[in-house]
Every structure is written in C-alpha cells, then in structure tokens.
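Since the structure comes first, as structure tokens, the remarks are kept for the end.
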Amino acid sequence: MSLLQINNLSVRFGDANAVPVVDGLDLSVDKGEVLAIVGESGSGKSVTMMALMGLIDAPGKVSADQLQFDGTDMLRLKGKQRRHIVGKDLSMVFQDPMTSLNPSFTVGFQIEEVLRQHLGLSGKQARQRALQLLERVEIPAAESRLGAYPHQLSGGMSQRVAIAMAIAAEPKLLIADEPTTALDVTIQAQIMELLLGLQREQDMALVLITHDLAVVAETAQRVCVMYAGQAVEVGQVPQLFEAPTHPYTEALLKAIPEHSLGAQRLATLPGIVPGRYDRPHGCLLAPRCPYAQARCHEQRPALEPHERGAVRCFFPLNLNAEVA
Amino acid sequence: MLSFIARRLGLLIPTFFGVTLLTFALIRMIPGDPVEVMMGERRVDPVMHAQAMERLGLNKPLYAQYLDYIGNLAQGDLGESLRTRTSVWDEFLTLFPATLELSLAALLFAGSLGLVAGVVAALKRGSMFDHGVMGISLAGYSMPIFWWGLLLIMFFSVWLGWTPVSGRIDLLYDIPPVTGFMLIDSLLSGEEGAFVDALRHLILPAIVLGTIPLAVIARMTRSAMLEVLGEDYVRTARAKGLSPARVVFIHGLRNALIPVLTVFGLQVGTLLAGAVLTETIFSWPGIGKWLIESIGARDYPVVQNGILLIACLVIMVNFVVDILYGLANPRIRHQR
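First to last, the protein sequences are chains A and B. Its first residue numbered 2, the first sequence is counted upward by one per residue in my numbering. Its first residue numbered 421, the second sequence is counted upward by one per residue in my numbering.
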C-alpha cells in the first residue's frame, strides 16, 4: 500500500460554483519514493500539498474521495489528532526561507519547538538534538548558530534550518515546496543534494514541488505534471523526458533552453493558463494545444493509465515509442 | 547601544529649552498676574500691587525673569509655589504617586483589554465581533474625555450608586502615606474595607483615562495581528503541528507586539494630557489637578516647572519604550 493516496482531491476558494484551484487530482506516493510535481505558477502544486497538511483556511474548501496518509484519513482528522501527524510524520519545507522562519525567535528555539511538541524532549536533550540536526544539515559552527536569529543567517543557511526543523521528528514524508527557487544557483545544488541525502539516509518519501525540469530529471523517480489544477501526465523518470505522452509535457520540455540549442527562438506554448472566466468546456489545454481537434473542445478527457504511466489526453503522443 | 543613549540624551537639551521658553511665555500671556488673583475681587491698591510684584521678582523685564528662571534651574532649584510657599519639587513628589497610580491603572485596563480585543477581532476578521470592536474603539477614540467622564459619573455614581464620585478614598479612612499608592497604602494601613474603597475610587477614573489608549491599542493590535497572521512564518508554525493557541500567541503576537509597543509609548503623552482632565473631573489629587489649579492662580513657578517635569517624564518613558522595542525585536537590537 502506498504511503500517500489521494483520489479526486478538489480545492475551491468560495462556494461550490467557484472554479477549483485543484480539480479532481489523483496522486500516490510510495514509501521512500521521490516524486516531483511540476507545473507553472498557479497550476495548484502547492495548494495540493497545503490541503494535505491542513493549511487551507476558509473560504478555501477541500474535498476528496480519499486523502489517505500512512493509513490515516487526513480529511476526517480534526485539530489535535491532525497535529500529531503534521510536523511529525508529514512535514514541509517552504519556498522562501527568509520569511518562513520567525524573526523573533532563535534558530535553536524554533527547532526545539518541534522536538518538544512531537518527541517530548526538553531542556538539555532538546538542545543536544537540535545541535545534531543543525550539524546534520551541514551548518558550520552549529553550536553558535543555535542562538542566532534568522536575520543573521543567509538564505541558504535559513533553508538548511527550515529543513532541520522539518526532519526533526523523522518524517515519513517530506514535502519540499520549491525549496531552491529563492536561492542563488550555487546554493540550489547544495540544498538539493542535502535533501536527497536525507531522503536516502532516513528512507523517507520526498515530494518535490518545482518548475525546474532539470532538477526533476536529476532527482525524481516519478513525475506528476499539473496544468490548471489537474494532473495531466504521470510517468517515470527518465521515460517521461524521452517520450512525453501529453502535449503540455512536450511543450514544457521544449521550453528548456538547452533543448533548443541552435534554434533562433525558444519554443513556447502560446496563450495563458485559463482563468476563472475562460475555463474551457472541454480539455483545459485545448485552446493552447497544437494538436487539438474538435473533440478536445467539447469533452474533457480523464486521466487514463497506460504502460508507462497515465495521461489526460484523447490523442496521447509517443505511446508506442521505444524507450529505454 | 551607548552611542544610541548618548544621542537620545543630546536631543533632550533643545527639547528642554523649548519647553521652558514655551511655558514661561504662555503662562504670562494669560491676563492677570499672581497678585491680582490672590487679592481676588477686591480692588488692588496699586502701591501694594507693585510691592508684591517686586517681592516676587515679577517687576523685572521678561528676559531677566527668564534668565533668573534658567539660572535657578541650572542649580537644580525648581523654585517654590507662590501660594503654598513649599518647594515645587516637594509638591510634585507628593502628588505624583497619585497620578502614577491612576495612569498605571488606566494603562493596565487599556493594555490588557486592548490586546485581547485586538487579537480576537483579528482572528474573527469580518465577524460581528470584529465590526463591533472596531466601531466602539473608533467612538472611544473620538470621545471628549471630560464629557465621557461626566457621563460615566452620572450613570455609575449618581444613578446606580456603584462608585464614589470623587477623590481617592473615603474621608472616613485616615491612611498614612507610605508608598503614595493608595491601593498599597490602604492595604498596609490594615484598616478594614480601605482597600476595596480605594479600588472603587480608582475604577471610574482609570476607565475614563484609559479609554483613548484602549481604542488605539485595540485597533493597532488588530491590524498588526492581521498582517502577522498572513506571514510565512505563521504558516511554518502551523506546519510544525503546533496548537492554534501557540501559533497565535507565541508566533503571532510576539511579532505583532512590536508596532503595538511603539504606539503604547506614544500614548503615555496622551495619557498625561488626559490625566489633567480626568483628575479635574474626579477631584483626583494628582499633578494634573495641581497644574490646573496653579494655572488658575497664576502660580508661575509651579506651572513652569510642573510642565517641565512632565515633559521630562514623557521623554524618559519614550526612551524606555525604545529600549523595550529593541528587546522585542532582535533585528533592531543587533543593528545598534
């Protein structure tokens, strides 16, 4: 059984008629697996994971047929029970490390808080464990950093602290929401390496939310491509990169600058993501899709499994392609 | 930190001269002089008047009077009251605890209620409670103190008879002043019922004086809290699985307190201005009432130096608030 099983998850802001930000999403994550969720801004990547963490506030509404984590139905959990899981077995690292640490408290305090809450550690024990964690995320002079305030740390350091906080209670699933977007390039690779090292070492599952396909190719075992709140393609790495089956995935791959070496212009997908008032009746990509046919504009395709994964398209590409 | 303190102390000098010049000039602009007021309705014999003025040193040219005044101040001499012939400093020391007690009670009332109301309004944003609190605090802020005071006296003291109309304690009690705080002294005196009586005297004036700070603190807390609750680090705190109370009061309020603290410091000036009116309404024997009476009597030394002392006090309080601000906000602490 998979560690995380999501069936038909929808998140809306407003009443039942509001356009869903996440629209009927199916997703599963196995123990110890690295899954990447990719998609452009506003495609619902973060909101999906926030819904799982219980971080969606009114007027946001979360509904799902199944939202199961480690055998627990997260949707029915209330208050205290949820807080036993969130931050312990299921934890999250956010995008902007400079704002996601509390400026008024020391790094040590913020890490120890997790240890107190979930592991019942206190005093010296908590201090000791916090120090180990800082060392584990490769912060130099860890001892002296325990008493530092977030504003005294660089972005990369702050993200390491945030990671230390997230792995403090040895989670089974770590969600990293664009963990490197706010950092400069040299630091990005270090942080990714750190995350993957932790993932292997502790055998925890890692969900990596990103729009950097290069990162996905190097790190993930499986990819879920999202578009306008829906999963449009799920597949294995590297097969998905070699032979994408959804036109949107193909367009994303074409838009990587390295893939258009020699070309005059970078390939782009014309148009923009449908908004609240121009949501298509049929396939959500149809207005922008170069392969769209009459049927695409009338009916909405479902996510259909195939040999190498799943695709939400009436006319999938490369289905019979020979891939390694 | 030391250079910061030195800079702030340096700023005191021009403020100090400004205050002395202003009070010196203003009190002399009011028609009438101390001698006339003392003689009352009776005709003042011009010769007697001139003699009295000369004895008080008020016949000298204004610049000479001002220089005398500054010269005395430089020697630490605050002069003596024209009416009572006691030193201004002694009178101030005797009366100040009453004002301090009233102000602290008002701040306690405003601070505790304002923080709670502001936080709850922010958490229930857009609810009836939120609109209610914001509406009431706007009304409270706009309320003229003297009118509000009289209204409360009429309602609670006259109609309901719950609280006394004026003073710090009933005349039946003879409380020896030890600390100058009636609540403490009445406890120390051991007289039965004295403490409760002192408390009953304190409640209404404290509420009246605390109304404006309460309104300001409630509104400021609400907006600071709303801003803070949308911050990423609050989301992080929730993602750690912390209880909502811990998220709001530890991670949220701690940061929201920074702007509230600044406003709190600024309110001290407002508070002392309000104390003048409140003490007059409730016959509260503090420095506010003392100043009003001294202005009426054209008691020049008391008015000049009383206001100077109050100004020093306001500056000092703001100074302390600045230091507290640094304690609450590590980013500021480390800059200095």
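We put the beta carbon where it would ideally sit given N, CA and C, even for glycine.
| So, does the CB of Val115/A fall closer than 7 Å to a CB anywhere in chain B? | yes
| query | In whole angstroms, what is the alpha-carbon distance linking Phe14/A and Val22/A? | reply | 8 Å
| query | Sorted by chain position, which residues of the same chain lie with C-beta nearer than 7 Å to Thr506/B's C-beta, five sequence neighbours on each side aside? | reply | Glu500
| Going by the beta-carbon positions, is the gap between Thr698/B and Val628/B smaller than 7 Å? | yes
| task | Hey, could you find the ends of the beta strand (DSSP E) Asp27/A is sitting in? | result | 21-30
| query | Considering only C-alpha positions, which residue in the set Leu68/A, Val238/A, Arg77/A is nearest to Ala221/A? | reply | Val238/A
| If you count every other CB in all the chains shown that lies within 10 Å of the CB of Ala169/A, and 16 or more means buried, which is it? | buried
| message | Going by DSSP in three states, Ala470/B sits in which element: helix, strand or coil? | response | helix
| message | Just to confirm before moving on: does the CB-CB distance between Ala131/A and Gly109/A stay below 7 Å? | response | yes
| field | Nonlocal neighbours in the same chain, by C-beta distance under 7 Å from Ser547/B, ignoring five residues either side | value | none
| said: Closest to Cys290/A by C-alpha separation, out of Tyr278/A, Glu305/A, Leu304/A, Val274/A, would be which residue? | reply: Val274/A
| field | Delimiting residues of the alpha helix (DSSP H) encompassing Pro248/A | value | 248-255
| said: Once the 5 residues before and after Ala229/A are set aside, which same chain residues still bring their CB inside 7 Å of it? | reply: Ser44, Val274, Pro275, Leu285
| Beta carbon proximity, His152/A to chain B, threshold 7 Å | yes
| query | Using CA coordinates, which residue listed in Ser101/A, Lys46/A, Ala19/A is at the minimum distance from Leu26/A? | reply | Lys46/A
| query | Can you pull the DSSP bridge partners for Glu234/A? | reply | Val226/A, Val312/A
| Skipping 5 residues on each side, what residues in its chain have a beta carbon closer than 8 Å to that of Leu571/B? | none
| said: Three or more C-beta pairs under 8 Å: does that hold for the segment 59-67 of chain A against the segment 102-118 of chain A? | reply: no
| request: Within its chain, find whatever has a CB closer than 8 Å to the CB of Ile7/A; leave out the 5 residues flanking it on each side and keep chain order. | output: Leu26, Asp27, Leu28, Ser29, Thr49, Leu53, Ala65, Gln67, Leu68, Gln69
| request: Taking 7 Å as the cut-off, decide whether the C-beta atoms of Arg503/B and Asp719/B are in contact. | output: yes
| request: Please classify Val464/B: does DSSP put it in a helix, a strand, or coil? | output: coil
| task | Within 10 angstroms of the Cβ of Arg463/B, are there 16 or more other Cβ atoms? Answer buried if so, exposed if not. | result | exposed
| Among Tyr278/A, Arg277/A, Leu254/A, Asp279/A, which has the Cα closest to the Cα of Leu267/A? | Leu254/A
| message | Going by the DSSP bridge assignment, what does Asn8/A pair with across the sheet? | response | Gln67/A
| message | For a cutoff of 7 Å on Cβ pairs, would you count Tyr745/B as touching chain A? | response | no
| Does DSSP put Ile589/B in a helix, in a strand, or in coil? | coil
| Three-state secondary structure (DSSP) at Asp298/A? | The sequence given here places His at residue 298/A; Asp does not occur at that position. Helix, per DSSP.
| field | DSSP state of Phe106/A mapped onto helix, strand, coil | value | coil
| field | Nearest candidate by alpha-carbon position, reference Val439/B, set Glu647/B, Ile573/B, Asn725/B, Phe669/B | value | Asn725/B
| field | Coil, strand or helix - Ala177/A by DSSP | value | strand
| query | Does the beta carbon of Gly672/B fall short of 6 Å from some heavy atom of the ligand FMN? | reply | The ligand FMN is not part of the structure shown, which contains no ligands of any sort.
| Residue burial classification, Ile764/B (beta-carbon count within 10 angstroms, cutoff 16) | Residue 764/B lies beyond the residue range present for chain B, which begins at 421 and ends at 756; the question has no answer from this structure.
| message | Suppose only complete runs of 4+ residues qualify. What are the alpha helix (DSSP H) ranges in the segment 545-590 of chain B, listed by chain order? | response | 548-562, 565-572
| Does any CB atom of chain B fall closer than 7 Å to the CB of Asn103/A? | yes
| query | Whose CA, out of Val12/A, Pro288/A, Val226/A, Ala311/A, lies closest to the CA of Pro271/A? | reply | Pro288/A
| task | Kindly list, in the order they appear in chain A, the residues whose Cβ is closer than 7 Å to that of Arg642/B. | result | Chain A residues near Arg642/B: none, gap ~18 Å exceeds 7 Å.
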